[in-house]
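Peer 1: Before I ask anything, let me first share the structure, which is written out below as structure tokens.
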RNA sequence: GUGGGUGUAGCUCAGCUGGCAGAGCACCGGGUUGUGAUCCCGGUUGUCGCGGGUUCGACCCCCGUCACUCACCCCA
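Numbering (this note's numbering), first residue to last: 11 to 431.
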């Protein structure tokens, strides 16, 4: 073992789990397509400076978690650690912000962060993302949240909790940071180097510390909502009202902090209580300043990313993993060389007609071939031996009831189709 | 980056005080010369993570190392 293992923190998904992963992706993207979101295919790596400027130099993601390397042309490139920055860049590149607004887009694919792997955290992981740009209408914030909520519900998850918060406008945040810094310094200052650095650079992050002693020391910390400007407050209240109108339950979380620097105003997180340390299965927020941060025009936006791998873990935890799909609807059991050739032809014809069909390979005996039929999940088996070929018929067996009847070979395809379609 | 735990068959794991390498599942075949999912019988799969040490003898004890895993941190 080890000789053929993938790199650290990079998972393989093989059947049947890979089928469940695909089902999760499908469930996440289906609501988006119904809501008019267009598909975005993005590069998996970009110029390093794009992420540095977009995500923020002070964020942990940029400062210590990026897969960065130099290409043969001596350019510094980075495997994308998230999708929003690339999505905004692509929109600006194509000039979509000059067209019909809002621009609503979705994407899906692997993201990369150089972290220590643990449950729910891998170096390569898959996200489905959605972004809406070009308006700061709070209804759009609510719509996106509702679409994520719908995705999780459609998968059968019932225990997911939506946390909703706001980071205010930049002035609110600066104002609040100042206050919080003053409040934190006498209480948790000097605890350790990392905490001191955070108090200095981004005091909001201290509120996210999970260590019990820090938790305890900060329960009474002042809240950002206390200093919210009129406009930001109105936006937040509008989002809350829209969510209620849409029937999406949420939990007000005034301490909700985001790790990426571009967030402002609305922030939210879908948390699953059964997951352990990495329990956020989806998160997002508004990023009205991001476009300008990467050199673009003013362009408000809101979006989210859902963790496909983590959602799969949540399905495990709630015991609602989808059944793997049957690999075939009809399974052929050929006995003899001539019967095998004929079976292969019939299988091909059925497949052309949209029927999932397969057959027993490798000259297996009757018993083994029937076993393979059973395991394929097929509803019907077709037994075809040289004896049947001479009679011009095949034995069609209903694998659930066990009933079996002879069907003329000329009618076999239409008979099978009639039973299945 | 820091700390704890675990490495034995394809998978899940047992292996006593240091004394022949095991079970269940899975897979293949047979019982039924042409019928699965149940049952019975048989069979295949091992560098006990790797390297060294102690010992008459090491899966077991010691040292090192690698991998995996959980947690901190961070985040989807």
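Using N, Cα and C, we set each Cβ at its ideal position, and we do this for glycine too.
Are residue 313 and residue 140 close, meaning C-beta to C-beta below 7 Å?
Peer 2: In the first chain, residue 313 corresponds to position 303, counting from 1. In the first chain, residue 140 corresponds to position 130, counting from 1. Taking 7 Å as the Cβ cut-off, residue 313 and residue 140 qualify as a contacting pair.
Peer 1: On the DSSP bridge assignment, give the partners of residue 75 in chain order.
Peer 2: Here residue 75 corresponds to residue number 65 of the first chain, with the count starting at 1. In the DSSP output, where bridge partners are listed per residue, residue 75 has none listed.
Peer 1: Output the distance between the C-alpha atoms of residue 354 and residue 394, rounded to the nearest integer angstrom.
Peer 2: Working through the first chain from its first residue, we reach residue 354 at position 344. Working through the first chain from its first residue, we reach residue 394 at position 384. Between residue 354 and residue 394, the C-alpha separation is close to 11 Å.
Peer 1: What whole-angstrom Cβ distance do residue 280 and residue 158 have, given they're in contact under 8 Å?
Peer 2: Against the first chain, residue 280 aligns to sequence position 270. Against the first chain, residue 158 aligns to sequence position 148. 6 Å between Cβ atoms; contact.
Peer 1: In three-state DSSP terms, what is residue 229?
Peer 2: In the first chain, counting from the first residue as 1, residue 229 sits at position 219. Of the three classes helix, strand and coil, the one that applies to residue 229 here is coil, per DSSP.
Peer 1: So, residue 175 versus residue 52, is the Cβ gap smaller than 7 Å?
Peer 2: For this step, residue 175 is matched to residue 165 along the first chain. For this step, residue 52 is matched to residue 42 along the first chain. At least 7 Å separates the beta-carbon of residue 175 from that of residue 52.
Peer 1: Could you tell me how far apart the beta carbons of residue 432 and residue 380 are, in whole angstroms, since I believe they sit closer than 8 Å?
Peer 2: Look at the range of the chain in this structure, 11 to 431, and you will see that residue 432 is not part of it.
Peer 1: Under a Cβ-count criterion, where at least 16 other Cβ atoms within 10 Å of its own Cβ denotes burial, should residue 261 be classed as buried or exposed?
Peer 2: Sequence index remark: in the first chain, residue 261 carries index 251 (1-based). With fewer than 16 other Cβ atoms within 10 Å, it is exposed.
Peer 1: Going along the chain, which residues of its own chain have a beta-carbon closer than 7 Å to the beta-carbon of residue 360, five neighbours each way excluded?
Peer 2: The residue labelled residue 360 in the question sits at position 350 within the first chain. 340, 367, 423 and 426, listed in sequence order.
Peer 1: Taking Cβ to Cβ, would you say residue 115 is nearer than 7 Å to residue 186?
Peer 2: Your numbering for residue 115 matches position 105 in the first chain. Your numbering for residue 186 matches position 176 in the first chain. Contact: no.
Peer 1: Determine the closest residue to residue 383 out of 375, 370 and 374, with distance taken between C-alpha atoms.
Peer 2: The residue given as residue 383 occupies position 373 in the first chain. Taking only the C-alpha atoms, the option nearest residue 383 is 370.
Peer 1: Based on the DSSP output, what are the partners of residue 280 in its beta bridges?
Peer 2: What you label residue 280 is simply residue 270 of the first chain in a count that begins at 1. Note: residue 280 sits in a beta bridge opposite 172 and 292.
Peer 1: Kindly indicate the opening and closing residues of the beta strand (DSSP E) around residue 415.
Peer 2: Within the first chain, the letter at position 405 stands for residue 415. 414-418 is the span of the beta strand (DSSP E), which, as asked, contains residue 415.
Peer 1: Quick one: using the 10 Å Cβ neighbour count with 16 as the cut-off for buried, is residue 64 buried or exposed?
Peer 2: Here residue 64 refers to the residue found at position 54 of the first chain. When all chains shown are included, residue 64 counts as buried.
Peer 1: Residue 108: buried (16+ other C-beta within 10 angstroms of its C-beta) or exposed?
Peer 2: Counted from its first residue, the first chain places residue 108 at position 98. Exposed, by the Cβ-count rule.
Peer 1: Looking only at its chain, what residues have a beta carbon closer than 7 Å to the beta carbon of residue 11, apart from the 5 residues adjacent to it on each side?
Peer 2: Here residue 11 is taken as the residue at index 1 of the first chain, counted from 1. The predicted position of residue 11 is uncertain, since its pLDDT is 39 and thus under 50; no value can be drawn from it.
Peer 1: Helix, strand or coil for residue 440? Go by DSSP, reduced to three states.
Peer 2: No information on residue 440 is available, as it lies outside the stretch 11 to 431 that the chain covers here.
Peer 1: Could you pull the start and end residues of the beta strand (DSSP E) that residue 7 belongs to?
Peer 2: No answer is possible for residue 7: it lies beyond the span of the chain, which begins at 11 and ends at 431.
Peer 1: For residue 321 and residue 291, what's the separation of their Cα atoms in angstroms?
Peer 2: Numbered from 1 along the first chain, position 311 holds the residue referred to as residue 321. Numbered from 1 along the first chain, position 281 holds the residue referred to as residue 291. One C-alpha to the other measures close to 6 Å.
Peer 1: Per DSSP, what kind of secondary structure is residue 11 in: helix, strand or coil?
Peer 2: In the first chain, the residue the question calls residue 11 occupies position 1. The predicted position of residue 11 is uncertain, since its pLDDT is 39 and thus under 50; no value can be drawn from it.
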